[in-house]
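Peer 1:
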Amino acid sequence: MKAAQYVLIVLAGCSSSVARVTVPTDPSGDAAPAITLTAVPLVPDGPGGAGEIEPGKGDISSTSSVNVTRGSRIMLVGNARNAGGVQSFAVEAQQRGAVVFKATASDTKDASGKALNTLNVRAPDANPSGTLELTIDEPATVKAIATNFNGQTTTIDVTYVPADLTVVLTATPTEIGYQRAASSHLTWSVLYGVELSSITGNVVPGSNGRDVPARGSSDMSPKQTMTFTVTATDRSGTKSQSVTVHAYSPPPPPDPKLSAAPTDGRVCLGGEVTVTWTVANCGADCSVKLRGTGHEYALGKDYALDKLPPTGSFKFKPADRTVFELTASSQFGTKSATKTVSIAPAGGPSYGGIPGCPAAGSGNSAPDLKPFYLLIKPTDSTVQACSTVLAWFDTEANALAAARQTWGSGYTVSVIDAGQFASACPSF
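In my numbering, the protein residues as written are 1 to 428.
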């Protein structure tokens with residue numbers, strides 16, 4: 001046993017000064033004594049050792065229950081303190097219905113009306129040279145009673161309960177990532193082990209099943225939902241504790257898709273093409289726009305559609321190769337998709353053409369297209385939306401008809417001057 005060294009430790013822990021104080025004659029100026037019971041394991045805790053007292057409960061000053069390693073021995077020291085003096089202090093331990101020890105201390109006032117402000121008990125009355133020891137293989141209850149010179153009394157009951165190997169693991173918070181904390185704080189303890197042989201876990205960066213301390217904490221920031229575990233083995237067996245930290249990622253950026261029909265946007269000159277767009281992951285803050293740039297015989301014949309809905313279509317008659325780019329943006333990113341509309345050359349499929357197609361730009365086969373600047377507004381004045389479109393058509397009537405067919409009856413379409421094109425739609 002190592003009782004002697006622990007007595008010194010306990011006395012250091014109860015190092016309040018002992019002095020003779022004046023005992024109040026008026027009870028209203030006095031108070032019941034404060035009691036502290038201090039328990040110390042007689043075998044050091046930690047891997048390979050036995051005897052551990054519940055963390056934070058080595059010193060007890062009120063009625064409580066305290067876990068202790070099953071089968072280990074503890075030593076107790078009692079302390080009663082009062083600024084107006086302590087007349088008597090008694091500690092009694094019972095286990096299995098029988099008294100294990102009694103320890104008492106008392107004091108009297110001297111001729112000047114002074115007495116000690118502190119009384120300690122650390123040896124049984126039956127063995128003044130011994131120590132107050134208990135083997136916690138069954139619950140043991142210790143009652144402590146202290147009384148001052150005015151008859152004011154304090155009583156506490158502390159039950160020491162045998163505990164087996166326990167693993168405690170917590171994570172705060174259990175959800176991290178998008179719109180949440182950046183990391184989770186893990187705290188773990190391996191308690192009440194007898195002859196601990198291993199403690200492993202993945203609670204420390206890089207540990208992943210390797211040895212970890214019996215007690216510790218760490219901040220973890222997994223990119224994906226992850227379960228953390230601590231496993232301990234002692235003479236009685238193996239115990240594990242796990243906790244899951246859920247990691248959340250921000251929503252994905254918009255995902256635009258662009259297609260053209262018929263024949264994937266490859267038509268005869270004069271044929272009509274429908275360009276269709278869809279944008280997935282497009283919420284309320286999503287911005288969608290479509291741009292078309294003409295090449296070769298369609299050079300300068302460009303298209304600009306802004307503030308589009310997530311799904312829609314646009315019809316036109318290409319003069320030649322036209323490249324469309326659909327761009328969708330939100331707070332989570334920007335992505336684009338492209339589609340090329342082209343005029344098939346004359347000739348059979350073996351030459352890459354469509355039978356019966358006149359060659360682009362041959363003779364008068366290409367229509368005489370002119371630019372029309374169109375203003376498109378919702379018929380509902382409460383909807384803050386507006387688009388300007390540059391469209392190339394042979395006549396104004398055809399330009400208006402095509403735009404109305406594309407946007408539907410919920411919008412009005414009108415022709416504006418080129419000078420109004422950039423400022424016709426206000427910024428909302």
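Positions of the beta carbon are idealized from the N, C-alpha and C atoms, including for glycine.
Only a predicted model underlies this, so the values are computations on that prediction, with no experimental measurement involved.
By the three-class DSSP mapping on this structure, what secondary structure does Y160 have?
Peer 2: Numbered from 1 along the sequence shown, position 160 holds the residue referred to as residue 160. Y160: strand per DSSP, three-state reduction.
Peer 1: For G352, is the classification buried or exposed, using 16 other Cβ atoms within 10 angstroms of its Cβ as the cut-off for buried?
Peer 2: Taking the first residue of the sequence shown as position 1, residue 352 is located at position 352. The predicted position of G352 is uncertain, since its pLDDT is 48 and thus under 50; no value can be drawn from it.
Peer 1: How long is the line joining the alpha carbons of F324 and S414, rounded to whole angstroms?
Peer 2: As a first step, residue 324 must be located in the sequence shown, where it is residue number 324. As a first step, residue 414 must be located in the sequence shown, where it is residue number 414. So the alpha carbons of these two residues sit roughly 23 angstroms apart.
Peer 1: Between the alpha carbons of T229 and N67, how many angstroms are there, rounded?
Peer 2: By 1-based counting over the sequence shown, the position of residue 229 is 229. By 1-based counting over the sequence shown, the position of residue 67 is 67. Rounded to whole angstroms, T229 to N67 spans 23 angstroms at the Cα level.
Peer 1: Please name the residue, chosen from R122, T200 and G84, that lies closest to K102 on a Cα-to-Cα basis.
Peer 2: As a first step, residue 102 must be located in the sequence shown, where it is residue number 102. It is R122 whose Cα lies nearest to the Cα of K102.
Peer 1: Take every Cβ of the region 197-215, pair it with every Cβ of the region 289-296, and state whether three or more of those distances are shorter than 8 angstroms.
Peer 2: Contact between the region 197-215 and the region 289-296 is absent, because fewer than three Cβ pairs lie under 8 angstroms.
Peer 1: I'd like the ranges of any alpha helix (DSSP H) spanning at least 4 consecutive residues and lying wholly in the region 245-298.
Peer 2: none
Peer 1: Alpha carbons only, please: which of E133, I176, I60 and R73 is nearest the one belonging to D157?
Peer 2: Locating residue 157 in the sequence shown gives position 157, counting from the first residue. Closest option to D157, Cα to Cα, is I60.
Peer 1: How should E195 be labelled, buried or exposed, when 16 other C-beta atoms within 10 angstroms of its C-beta is the threshold for buried?
Peer 2: The residue you call residue 195 lines up with position 195 of the sequence shown. Looking at its Cβ environment, which holds fewer than 16 other Cβ atoms inside 10 Å, E195 is exposed.
Peer 1: In this structure, does DSSP put R210 in helix, strand or coil?
Peer 2: Working through the sequence shown from its first residue, we reach residue 210 at position 210. Residue state, collapsed to three classes: strand.
Peer 1: Would you mind stating whether A328 and T334 have Cβ atoms separated by less than 9 angstroms?
Peer 2: As a first step, residue 328 is located in the sequence shown; it is residue number 328 there, counting from the start. As a first step, residue 334 is located in the sequence shown; it is residue number 334 there, counting from the start. Their beta carbons are under 9 angstroms apart, which means A328 touches T334 by this criterion.
Peer 1: Within 10 angstroms of the Cβ of P173, are there 16 or more other Cβ atoms? Answer buried if so, exposed if not.
Peer 2: Taking the sequence shown and counting its residues from 1, the one referred to as residue 173 is at position 173. Flag for P173 reads exposed.
Peer 1: If the criterion is Cβ atoms closer than 9 angstroms, does the pair G84 and N117 meet it?
Peer 2: To locate residue 84, count along the sequence shown from 1; it is residue 84. To locate residue 117, count along the sequence shown from 1; it is residue 117. Annotated as proximal: G84 and N117, with beta-carbon spacing under 9 angstroms.
Peer 1: Drop a sphere of 10 angstroms on the beta-carbon of S17, count the other beta-carbons inside from all chains shown, and report buried for 16 or more, exposed for fewer.
Peer 2: Translated into the one-based positions of the sequence shown, residue 17 becomes position 17. Exposed: under 16 other Cβ atoms inside 10 Å.
Peer 1: Using CA atoms only, rank isn't needed, just tell me which of A31, A140, S198 and S221 is closest to R180.
Peer 2: Here the question's residue 180 lines up with position 180 in the sequence shown. It is S221.
Peer 1: When you compare each of L132, S242 and K109 to L42 by their alpha carbons, which one comes out closest?
Peer 2: Position 42 of the sequence shown, counted from the start, is the residue given in the question as residue 42. For L42, the nearest C-alpha among the options comes from L132.
Peer 1: With which residues is Q94 paired in a DSSP beta bridge?
Peer 2: Counting from one through the sequence shown, the residue named residue 94 turns up at place 94. Answer by DSSP bridge pairing, in chain order: V99 and T141.
Peer 1: Would you report the Cα separation of A385 and V203, rounded to the nearest angstrom?
Peer 2: In the sequence shown, the residue the question calls residue 385 occupies position 385. In the sequence shown, the residue the question calls residue 203 occupies position 203. Going from the Cα of A385 to the Cα of V203 covers about 53 angstroms.
Peer 1: State the Cα-Cα distance for the pair S423 and D417, rounded to the nearest angstrom.
Peer 2: Locating residue 423 in the sequence shown gives position 423, where the first residue counts as 1. Locating residue 417 in the sequence shown gives position 417, where the first residue counts as 1. CA-to-CA, the gap between S423 and D417 works out to about 11 angstroms.
Peer 1: Helix, strand or coil for P371, going by three-state DSSP, please let me know.
Peer 2: Position 371 of the sequence shown, counted from the start, is the residue given in the question as residue 371. Looking at P371 - three-state DSSP - the assignment turns out to be strand.
Peer 1: With 16 as the cutoff for other CB atoms within 10 Å, does Q87 come out buried or exposed?
Peer 2: By one-based count along the sequence shown, residue 87 stands at place 87. Classification for Q87: buried.
Peer 1: Contact between the region 268-278 and the region 307-321 is defined here as three or more beta-carbon pairs at a separation below 8 angstroms; is this criterion met?
Peer 2: yes
Peer 1: Give the straight-line distance between the Cα atoms of D26 and A144, rounded to the nearest whole angstrom.
Peer 2: Counting from 1 along the sequence shown, the entry for residue 26 is found at position 26. Counting from 1 along the sequence shown, the entry for residue 144 is found at position 144. The alpha-carbon atoms of D26 and A144 are separated by roughly 25 angstroms.
Peer 1: By how many angstroms is the C-alpha of P254 removed from the C-alpha of L326?
Peer 2: Against the sequence shown, residue 326 aligns to sequence position 326. Against the sequence shown, residue 254 aligns to sequence position 254. For L326 and P254, the distance between alpha carbons rounds to 11 angstroms.
Peer 1: Using a Cβ-Cβ cutoff of less than 8 angstroms, which residues in the same chain neighbour E396 once the five nearest sequence positions on both sides are dropped?
Peer 2: Indexing the sequence shown from 1 puts residue 396 at position 396. Excluding residues within five positions, the ones whose Cβ falls inside 8 angstroms are F372 and V415.
Peer 1: Whose C-alpha, out of D380, L390 and A391, is nearest the C-alpha of G410?
Peer 2: By one-based count along the sequence shown, residue 410 stands at place 410. Ranking D380, L390 and A391 by Cα distance to G410 puts D380 first.
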